[in-house]
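In our numbering, the protein residues as written are 18 to 173.
Think of the CB as a built atom: it goes at the ideal place given N, C-alpha and C, for glycine as much as any other residue.
Model, not experiment: these values are computed from the prediction.
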């Protein structure tokens with residue numbers, strides 16, 4: 018087993034990007050990522066090696082994010098205040114389109130919603146997405162493609 022410092026350095030960015038794809042907020046992603054590695058350090062002896070350590074870390078991150086989200090009931094987007102200061106007219110158009118996209122995404126069923134978010138917002142590869150779901154890379158590709166089609170239909 019690698020030293021924990023090596024694990025932290027090797028997987029920090031992957032876990033951070035994954036949490037960022039869930040939260041869409043830099044500050045929250047940093048906090049959840051730190052909490053994830055703290056929990057992993059406390060429970061490293063429980064890691065059985067049945068999956069890759071990156072998958073294990075992302076599972077901890079996902080559980081941490083959702084438990085935090087449930088506690089707060091709603092995570093505020095701090096960065097939204099900066100957006101208000103931009104070109105208001107263009108922002109209004111972009112915001113309406115983005116909001117419609119997020120509403121359509123929110124209505125989408127799992128695993129399509131999460132696979133699409135991981136790919137588009139988390140910038141994870143299809144191989145990484147497949148690992149998270151204990152499925153193949155091909156499964157992740159097909160699921161992402163189906164999610165795109167569903168979103169396109171929903172946005173019409």
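Cβ-Cβ distance between residue i and residue j below 8 angstroms
| i | j | result |
| --- | --- | --- |
| residue 135 | residue 72 | no |
| residue 116 | residue 41 | no |
| residue 25 | residue 50 | no |
| residue 74 | residue 46 | no |
Residues of its chain near residue i, where Cβ-Cβ distance is below 8 angstroms and the 5 sequence neighbours each way are ignored
| i | result |
| --- | --- |
| residue 12 | Limits of the chain in this structure are 18 at one end and 173 at the other, which puts residue 12 out of reach. |
Neighbourhood of residue i by C-beta distance below 7 angstroms, restricted to the same chain and skipping five residues each side
| i | result |
| --- | --- |
| residue 167 | 125 and 129 |
| residue 82 | 36, 39, 40 and 49 |
| residue 76 | none |
| residue 147 | 153, 154, 156 and 157 |
Same chain, Cβ closer than 6 angstroms to residue i, neighbours up to 5 away in sequence not counted
| i | result |
| --- | --- |
| residue 143 | 154, 157 and 158 |
heavy atom of the ligand ATP below 7 angstroms from residue i C-beta
| i | result |
| --- | --- |
| residue 158 | Absence of the ligand ATP is noted for the structure shown, with no ligands found whatsoever. |
Cβ distance (whole Å) where residue i is taken to contact residue j below 8 angstroms
| i | j | result |
| --- | --- | --- |
| residue 61 | residue 21 | 6 angstroms |
Cutoff 8 angstroms: residue i Cβ touching any chain B Cβ
| i | result |
| --- | --- |
| residue 114 | Considering every chain present, this structure includes no chain B. It has just one protein chain. |
Residue ranges of each alpha helix (DSSP H) within the segment 120 to 162, 4 or longer: 129 to 137 and 143 to 149, all fully within the segment 120 to 162.
Sequence ranges, alpha helix (DSSP H) only - wholly within the segment 40 to 92, length at least 4: 43 to 59 and 70 to 89
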